[in-house]
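The opening position of the sequence shown corresponds to residue 526 in our numbering, with each subsequent residue numbered one higher. Every residue gets a Cβ at the ideal spot worked out from N, C-alpha and C, and that includes glycine. Since the model is a prediction, treat every value here as computed from it, not as a measurement. Notes for the one structure printed next.
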Amino acid sequence: MPDHPQQNACWSCKGPAGEGLFCAACQALQPPNLQQNYFQMLDHPPTFKVDRTRLETSYQALQQQLHPDRFATRTARERRFSMEHVTRLNEGYATLREPLARAGYLLQLHGRASGDEASGAAPTDPMFLMETMELREALEAIDPAQPDADEKIDAMRQDMERRVEEEEQGMANAFEAHNNTQETTHLEKVAQHMDRLRYHNRFLEEVERLEEKLFV
Ligand code: ZN
């Protein structure tokens with residue numbers, strides 16, 4: 526691709542550009558380095574547990590340096606590179622901020638399916654299915670006309686939020702166990718937690734929809 530020359534050879538002055546966003550010699554903006562993963566891009570170790578402040582700080586700093594407004598009077602190529610950078614930056618930040626997306630991305634970095642494809646849609650653990658079916662029935666049994674409906678829904682939401690936290694902790698533990706042992710069974714555990722978390726998230730959305738209906 527002529528627009529994306531060898532990384533390190535500056536497209537503008539043809540000299541060595543160095544590792545930075547801008548050519549070390551002529552300061553021209555370089556294209557995004559697609560060899561870099563999102564963690565490298567945002568200067569954070571590739572772990573499930575993230576330092577949100579550190580991510581946010583890196584994101585804001587890069588966002589400022591790369592913002593298209595800064596390139597309004599520069600070459601067309603730099604304007605395009607700045608858009609490509611910002612698009613990739615936003616994708617990367619959104620991925621690493623959100624636990625499910627972050628877990629899926631880490632699985633990919635470990636050479637696994639992202640978890641979307643890994644184990645299919647629904648969790649298959651019979652105990653889990655039984656329990657969630659009961660929760661669903663309990664939710665459907667709430668009569669919005671009753672005076673204690675909001676209390677019941679609130680309790681249900683808190684219960685769900687606790688389950689969400691449990692699954693996130695489960696993912697963190699499984700990733701840590703994988704780091705310590707390199708055994709891939711731990712990554713399969715991650716995918717199972719992801720399935721369950723997705724399920725809880727959907728349920729939580731339903732609870733919130735019901736809450737909204739109740740309070741209009
Ligand atoms: Zn240059």
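Spatial neighbours of Lys738 in its own chain (CB-CB distance under 8 Å, excluding positions within 5 residues in sequence) are listed in chain order as Pro669.
Environment of the ligand ZN, chain-ordered: Cys535, Ser537, Cys538, Gly540, Ala542, Cys548, Ala550, Cys551, Ala553, taking every residue with Cβ within less than 6 Å of a heavy atom. Approximately 6 Å separates the beta-carbon atoms of Leu631 and Phe573; this is inside 8 Å, confirming the contact. The Cβ atoms of Asn562 and Leu660 do not sit closer than 8 Å to each other. By the Cβ neighbour-count rule, Pro541 is exposed, with fewer than 16 other Cβ atoms within 10 Å of its own. Looking at Pro672, Ala550, Leu587, the one whose alpha-carbon comes closest to that of Ser537 is Ala550. Straight-line measurement puts the Cα of Arg577 at about 12 Å from the Cα of Thr620.
Contact check for His711 against Ala699 passes: the beta carbons are separated by less than 8 Å. One thing to note: Met608 has its Cβ no nearer than 8 Å to the Cβ of Pro624. Taking the Cβ atoms as the reference, Val689 lies roughly 11 Å from His718, outside the contact range of under 8 Å.
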